[in-house]
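Undergrad:
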Amino acid sequence: MKQLKSLIGILVVVAAFYVVWKLMPPYYNQLQFQDAVDAETRASSYSPNKTEQDIRDSIMKKARENDIPVTPEQIKVMRFGTDVSVTVDYTVHVDLLVRPIDLNFHVGSKNKAI
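First residue of the sequence shown? That's 1 in full-length UniProt numbering, and the numbers climb one at a time after it.
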């Protein structure tokens, strides 16, 4: 009985490490992407000659660099003078042993030039 409890305990720990191993990359990539969107929004608010399409293209490039499954249609950019707002909603599919899971992420940033 004591060996069975030890085996179950080890299996629970291994399963927890497996889940963390599978879920950590999407969350890490989301954080990196959020930082990139914040930086692009901040820089774009001080560049009045940058169009919404230029901002969208730059964010799309950052999404590819961070392995974010996003299409240009999912990147919503609004510019009102020096105010720049960017929102991106996307879903990452993760296959776990027991069942797959879909993680929904919302990345957004708004910046106003002084």
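Ideal Cβ placement from N, Cα and C applies to all residues, glycine included.
What is the DSSP secondary structure of Ala99, counted as helix, strand or coil?
TA: Here residue 99 refers to the residue found at position 99 of the sequence shown. Looking at the sequence shown, residue 99 is not Ala but Arg. Here Arg99 sits in coil by DSSP.
Undergrad: Go ahead and label Glu40 buried or exposed: buried means 16 or more other beta carbons lie within 10 angstroms of its beta carbon, across all protein chains shown.
TA: Residue 40 sits at position 40 when you count from the first residue of the sequence shown. Buried, because 16 or more other Cβ atoms sit within 10 Å of the Cβ of Glu40.
Undergrad: Using only CA atoms, which one of Asp95, Glu73, Val98 and Val88 lies nearest to residue 161?
TA: No answer is possible for residue 161: it lies beyond the span of the chain, which begins at 1 and ends at 114.
Undergrad: Among residues of its own chain, excluding the 5 on either side of His93, which ones have a beta-carbon nearer than 7 Å to its beta-carbon?
TA: Looking up residue 93 in the sequence shown gives position 93. Within the same chain, His93 has close Cβ partners Pro100 and Asp102.
Undergrad: Which of the three DSSP states, helix, strand or coil, is assigned to Asn104?
TA: One-based indexing of the sequence shown puts residue 104 at position 104. The answer is strand: DSSP assigns Asn104 an E or B state.
Undergrad: Given a threshold of 16 other Cβ atoms within 10 Å of its Cβ, counted over all protein chains shown, does Val14 qualify as buried or as exposed?
TA: For the purposes of this step, residue 14 is taken as residue 14 along the sequence shown, with counting starting at 1. Label assigned to Val14: exposed.
Undergrad: Output needed for Asn111: all residues of its chain with C-beta closer than 6 Å, excluding positions within five of it in sequence on either side, in chain order.
TA: Working through the sequence shown from its first residue, we reach residue 111 at position 111. Cβ within range, chain order: Thr41, Arg42, Ser45 and Val84.
Undergrad: Check this for me: beta carbons of residue 156 and Ser109, under 8 Å apart or not?
TA: No answer is possible for residue 156: the residues shown for the chain start at 1 and end at 114.
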